[in-house]
Amino acid sequence: MKTRILIICFVALLLNITKISAQITLEHVYPTPTNRFQLIKLSAVGQKYVIESQGKPYILNFYNLDHSLYKTISIPVDTSHYILSNANISDHLFNGDDQVEILVSEYWSSTSRVHRTRVYNENLNVIFSEDSVDVYGILNTINGYKLSLYDFTHKIKIYSLPGTLPALVKPISKEENIANPFPNPASTRTVIPYALPDGVYKGEIIFSDINGKEVKRFTVTDAFNTLEINDELENGTYFYHLQTTEKSSGAKKLVIIK
């Protein structure tokens, strides 16, 4: 009887170990991206992986979630220019059709001075173009989405956009206050959703290294619900939390790999 019980316990343990070990599996291996690997969400077709390759031409490869190739967009680049690998990708932000839109800034190769900012669609038609300005960011305001650009005179220009962006992640609740970054790990750009407590209009998202030393803090307000990080952090592992006059959130983890 004891032997039978031991055998049953051993089989149950073996099955449990097998179940645990099967929870993490390698799905796919992509070639090392020349510049950036990210996950995006398009309104028409949902989530896609994107590999950006900075060069001439500037190439974006889109992959389905099953890792099959969805499409490739190749943007021609003048021999005296280069495109920085920070393309903003959408499909319903700059107009109403379902074509992929790519917002990029072109620089002079000789001086690293910005030449122009453009929005292309997937057929390489130019939707928007302005010289001598760089992308400051896409702003999600209560009055709709805005494109902010800055020029050499340090002026910021705000453009009203006709469309919207789909939510890549579920909005964070005011009980949680702050969410995991997306993407994570990140190379140059990552987005952190947050929600200030009721009645609080300003706070700080504070980053510390693995030794607990503070390395960066960003002021956030209730005018927005996400913080976008662009090249402000070096390679490494960081922990961050939202600090307000009312409370301090739990810590979240961010890994930067460039």
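The working numbering puts the first residue of the sequence shown at -3, with every later residue one more than the last. Idealized CB from N, CA, C, for every residue including glycine. Since the model is a prediction, treat every value here as computed from it, not as a measurement.
Between residue i and residue j, is the Cβ-Cβ spacing less than 9 Å?
i	j	result
serine 144	glycine 133	yes
isoleucine 36	tyrosine 54	no
proline 158	asparagine 91	yes
Within a Cβ cutoff of 8 Å, which residues of the same chain sit near residue i, ignoring the five residues on either side of it in sequence?
i	result
isoleucine 4	Low per-residue confidence applies at isoleucine 4: pLDDT is 49, beneath 50, and the placement is therefore not dependable enough to give any value.
lysine 248	Ile174, Ala175, Asn176, Pro177, Ile188, Phe235, Tyr236 and His237
isoleucine 253	Pro181, Ala182, Ser183 and Asn231
Near residue i, which residues of its chain fall below 7 Å by C-beta distance, leaving aside the five closest residues on each side in sequence?
i	result
asparagine 139	none
aspartate 93	none
Bridge partners of residue i, per DSSP?
i	result
glutamine 255	What the structure shows of the chain is the stretch from -3 to 254, and residue 255 is not part of that stretch, so it cannot be assessed.
threonine 184	Paired residue(s): none; threonine 184 is not in a bridge.
threonine 137	Gly140
lysine 296	Any property of residue 296 remains undetermined from this structure, which presents the chain solely from -3 to 254.
lysine 268	Residue 268 is absent from the model: the chain starts at -3 and stops at 254.
histidine 77	Trp104
tyrosine 155	Leu143
tyrosine 116	Ile98 and Val122
threonine 68	Asn57
Could you spell out the range, first to last residue, of the beta strand (DSSP E) harbouring residue i?
i	result
leucine 192	Taken as a continuous stretch (DSSP letters only), leucine 192 belongs to no beta strand (DSSP E), as it is neither H nor E.
glycine 42	42 to 49
glutamine 34	32 to 38
tyrosine 54	54 to 59
glutamate 228	Run containing glutamate 228: none; DSSP gives neither H nor E here.
With a CB to CB cut of under 6 Å and the five nearest residues on each side skipped, what residues in its chain are close to residue i?
i	result
serine 245	Asn173, Ile174, His237 and Leu238
Checklist entry - Do the region 238 to 246 and the region 191 to 206 meet, that is, are 3 or more Cβ pairs less than 8 Å apart? => result yes
Checklist entry - If you pair each beta-carbon of the region 66 to 86 with each one of the region 39 to 49, do three or more pairs fall below 8 Å? => result yes
Next on the checklist: Contact between the region 180 to 200 and the region 114 to 123 is defined here as three or more beta-carbon pairs at a separation below 8 Å; is this criterion met?
Outcome noted: Not touching, per the Cβ criterion.
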